[in-house]
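Below: one structure, written as structure tokens.
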Amino acid sequence: MKLSLLTAALLLTGSLYASNAHKISATQEGLVAVQLLDVALKDKLTEKVQETKMQENAQGMSTMDICITAANGIMKKMNSELPAYVKMSISTLDGGDVTNKTDLEVMNKYAKDIKEKTAGAMLMSSAKVGNTTRVYKPVVIDSEWLNCHDDKSEVKLGDFKGVLISEISAQH
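Numbered according to the numbering used here, the sequence shown terminates at residue 158, and the numbering increases by one at each position without gaps.
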């Protein structure tokens, strides 16, 4: 008897989540989107870098330029396939292109937390920016990102690199 009640509860819960009536929050949707970008980058970055290195190394591109180009390509492809109210981006402190005050504050906090090895260093965070919800996932130097650096003395494993950002518009 208990097994059938459990099965019925699971089926009911599954159907509720599958129905259009069930809406996940913008933060939850952002968490899923930023995780997808992270998985796509980890899955495709090394492959794309190796491919591009062979084709374009003769043109004098640095490994970092190749990685940035590959990461931006992956991100743009994801943005073209996601609903219009979801926007993915990648931001770094060393890129000099941070124009959003909230992004800068979040990245400075991550850099400090990672340097001090605090508990919040690797947790995803979210922030309301205007009529959007932004979800941030910190990126630290791991083996894939280390391969992007021609001069390995510039960085080491575990250094803060930047953030992956998913932005969910309120109008969806």
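Virtual Cβ for every residue (Gly too), placed ideally from N, Cα, C.
7 Å Cβ shell around residue i - same chain, five flanking residues per side excluded
i, result
"alanine 44", "In this prediction, alanine 44 has a pLDDT of 48, which is less than 50 and means its spatial position is unreliable; what the coordinates show is noted afterwards. If we look at alanine 44 and ignore the five residues flanking it on each side, it has no Cβ neighbours."
"threonine 118", "Glu153, Ile154, Ser155 and Ala156"
"aspartate 24", "Lys123 and Leu150"
"serine 111", "Val92 and Tyr122"
"phenylalanine 146", "Tyr96, Ala97, Ile100, Pro124 and Val126"
"alanine 57", "Leu27, Leu31 and Ile76"
Contact set for residue i: own chain, Cβ-Cβ below 6 Å, skip 5 residues either direction
i, result
"glycine 148", "Ser77, Thr78 and Val125"
"valine 20", "Val121, Lys123, Leu150 and Ser152"
"leucine 143", "Ile127"
"valine 141", "Ile127 and His135"
"alanine 7", "Because alanine 7 sits at a pLDDT of 48, beneath the cut-off of 50, its placement in the model cannot be relied upon, and the following sentence gives the value as read from the coordinates. Excluding residues within five positions, none has a Cβ falling inside 6 Å."
"glutamate 15", "Ile154"
Between the CA atoms of residue j and residue i - distance to the nearest angstrom
i, j, result
"serine 75", "isoleucine 10", "21 Å"
"tyrosine 71", "aspartate 137", "39 Å"
"tryptophan 131", "glutamate 67", "25 Å"
"lysine 103", "aspartate 128", "16 Å"
"asparagine 86", "lysine 114", "12 Å"
"glutamate 33", "leucine 90", "30 Å"
"lysine 101", "methionine 108", "11 Å"
Beta bridge counterpart(s) of residue i as assigned by DSSP
i, result
"glycine 148", "Val125"
"serine 112", "Val121"
Candidates the options, of which the one nearest residue i by Cα
i, options, result
"alanine 105", "Ser112, Gln21 and Lys95", "Lys95"
"valine 121", "Glu33, Asn58 and Lys73", "Lys73"
"aspartate 29", "Met61, Leu17 and Ala97", "Met61"
Whole-number beta carbon distance between residue j and residue i, since they are thought to touch under 8 Å
i, j, result
"cysteine 134", "methionine 50", "5 Å"
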